[in-house]
Amino acid sequence: MKDLKKIVRSKIKNGSGRTVFWGMQFLPKAKREALYTLFAFVRHLEDVVESPAPLAEKQEILGMWREEMDNIFDRKVPATDIGRRIYKNCMRFKLPKVEFLNLVDSISANIDNPLKAPTLKQLSGYCRGVGGMTGSLSLRVFGCADEQTIKDLSTFLGLAVQITNILLNVKEDAQNGRLYVPQELLEKAGIVATDPKSVVVDKNLAAARRELAHIAEENYRKVYEILEKQEKTTARPIRLITDLYKRYFDIMEKRGWEIISPKPRVSKWCKLSILLKNLLSA
127 MKDLKKIVRS
137 KIKNGSGRTV
147 FWGMQFLPKA
157 KREALYTLFA
167 FVRHLEDVVE
177 SPAPLAEKQE
187 ILGMWREEMD
197 NIFDRKVPAT
207 DIGRRIYKNC
217 MRFKLPKVEF
227 LNLVDSISAN
237 IDNPLKAPTL
247 KQLSGYCRGV
257 GGMTGSLSLR
267 VFGCADEQTI
277 KDLSTFLGLA
287 VQITNILLNV
297 KEDAQNGRLY
307 VPQELLEKAG
317 IVATDPKSVV
327 VDKNLAAARR
337 ELAHIAEENY
347 RKVYEILEKQ
357 EKTTARPIRL
367 ITDLYKRYFD
377 IMEKRGWEII
387 SPKPRVSKWC
397 KLSILLKNLL
407 SA
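Residues 127 to 408 in this note's numbering are what the sequence shown lists, from first letter to last.
Here it is as structure tokens:
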């Protein structure tokens with residue numbers, strides 16, 4: 127396998143992701159390598175799910191990963207290159223097997239049936255799974271040890287970040303046959319259609335996006351509230367991620383939820399400012 131740092135850097139797609147990547151360079155080497163491993167693993171799973179391969183082949187690969195978790199955690203003899211990297215780089219942080227299994231299950235949840243207007247409950251579960259499981263593992267690497275704090279932070283941050291991504295990518299998702307805006311919010315806005323390409327051009331979509339934004343905003347508030355109580359070294363990398371995504375959220379909110387294209391852009395100077403603010407915080 128290529129160098130993990132190169133894999134992660136090559137897979138970063140958006141501006142916030144690139145800045146988070148460079149923010150990781152200032153972490154101690156052991157934590158940095160563990161995060162590279164986690165992010166490369168997540169990207170690999172996403173590539174499997176998003177690939178044009180037959181459904182049976184995708185399911186077989188994901189099933190093999192569930193078996194590989196047994197090799198890593200129980201037999202202590204990983205069978206794959208990524209598995210050996212997980213064993214080498216992540217086990218020192220006592221990352222739990224169940225979180226890796228939850229991560230596999232969450233990313234593959236809509237492998238054969240892309241989400242289209244899920245209920246609020248379904249969307250919450252999806253966000254907690256895809257964003258929350260990655261957050262839960264990363265928080266342990268960052269140094270967070272309290273289980274309740276890990277649970278709360280990963281839940282709130284997962285919801286805030288994933289909803290921000292949904293608001294950012296609503297047009298792109300629609301073109302790929304996905305619609306993550308919840309059914310209840312669409313109905314409240316007077317939208318009866320659930321076909322993504324129909325919904326994305328509906329003039330009432332702005333009202334549904336606005337309601338979804340309220341949920342994200344409340345979760346951002348909860349994240350910052352928890353971070354105020356954490357040690358600076360633990361809170362710093364989490365705050366960097368939160369600040370970056372919140373900046374994209376704030377731009378969308380300021381310009382109005384009726385605007386879905388183009389995606390908002392954060393200048394390099396603004397991203398550098400956010401990065402330096404977090405690195406230099408006392």
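Each residue gets a CB set at the ideal place from its N, CA and C atoms; glycine is no exception.
By the DSSP assignment, the alpha helix (DSSP H) with Tyr-346 in it spans what residues? Counting along the chain, the alpha helix (DSSP H) containing Tyr-346 begins and ends at 331-353.
Cβ-Cβ distance between Ala-339 and Leu-293 below 8 angstroms: Yes, Cβ-Cβ distance for Ala-339 and Leu-293 is below 8 angstroms.
To the nearest angstrom, report how far apart Lys-128 and Phe-167 are at their CA atoms. Low confidence applies to Lys-128: its pLDDT is 48, below 50, so where it sits in the model is not reliable, and the reading given next is rough at best. Their Cα atoms are separated by approximately 13 angstroms.
Ignore the nearest five residues each way along the sequence and tell me which others in Leu-405's own chain have a CB closer than 7 angstroms to its CB. Here the set comprises Phe-152.
Quick check on this structure: which residue in Ile-385, Lys-403, Met-378 has the alpha carbon closest to the alpha carbon of Val-392? For the residues Ile-385, Lys-403, Met-378, the minimum Cα distance to Val-392 belongs to Met-378.
Out of Ile-364, Gly-284, Ala-243, Leu-285, which has the shortest C-alpha to C-alpha gap to Lys-314? When only C-alpha atoms are compared, the closest one is Ala-243.
With contact counted as at least three CB pairs below 8 angstroms, one residue from each stretch, are the region 215-229 and the region 185-196 in contact? Yes: at least three Cβ pairs fall under 8 angstroms.
In this structure, what does DSSP give as the bridge partners for Leu-305? Answer is Lys-242, bridged to Leu-305.
Residue range of the unbroken alpha helix (DSSP H) whose run includes Gln-288: Gln-288 -> alpha helix (DSSP H) spans 273-294.
Which word fits Thr-245, buried or exposed, when buried means at least 16 other C-beta atoms lie within 10 angstroms of its C-beta? Exposed.
Would you identify the three-state DSSP class for Lys-394, choosing helix, strand or coil? Collapsing the DSSP output to three states places Lys-394 in a helix.
Same chain only: Cβ atoms within 6 angstroms of Gly-257, ignoring 5 sequence neighbours per side: So the list reads Gly-284, Val-287, Gln-288, once near-sequence residues are dropped.
What does the alpha-carbon distance come out to for the pair Lys-157 and Ser-324? Using only the alpha carbons, I get a separation of about 45 angstroms.
Are there three or more Cβ pairs, one per stretch, closer than 8 angstroms when the region 297-314 is compared with the region 348-362? They do not touch, by the three-pair rule.
What three-state label does DSSP hand Val-168 in the structure shown? It is helical.
In whole angstroms, give me the CA-to-CA distance for Gly-141 and Arg-373. Confidence in Gly-141 is poor, its pLDDT being 46 and thus under 50, which makes the residue's placement unreliable; the coordinate value appears in the next sentence. Here the alpha carbons of Arg-373 and Gly-141 stand approximately 11 angstroms from one another.
Below 8 angstroms between beta carbons: does that hold for Ile-364 and Phe-219? At the C-beta level, Ile-364 and Phe-219 stay beyond 8 angstroms of one another.
From the DSSP output, in three-state form, read off Ala-361 for me. Ala-361: helix per DSSP, three-state reduction.
Quick one: what's got a C-beta closer than 8 angstroms to Ile-317's C-beta in the same chain, skipping five residues either side? The beta carbon of Ile-317 sits closer than 8 angstroms to the beta carbons of Val-325, Asp-328, Asn-330, Leu-331, Ala-334 from its chain, once the five residues preceding and following it are set aside; these are given in chain order.
Under a three-way DSSP split, which group does Pro-322 fall into? Helix at Pro-322.
Span of the alpha helix (DSSP H) around Asp-231: Its alpha helix (DSSP H) spans residues 223-233.
Contact set for Ile-133: own chain, Cβ-Cβ below 7 angstroms, skip 5 residues either direction: Confidence at Ile-133 is low in this model, with a pLDDT of 49, below 50, so its placement is unreliable and the value that follows should be read with caution. Within the same chain, Ile-133 has close Cβ partners Ala-166.
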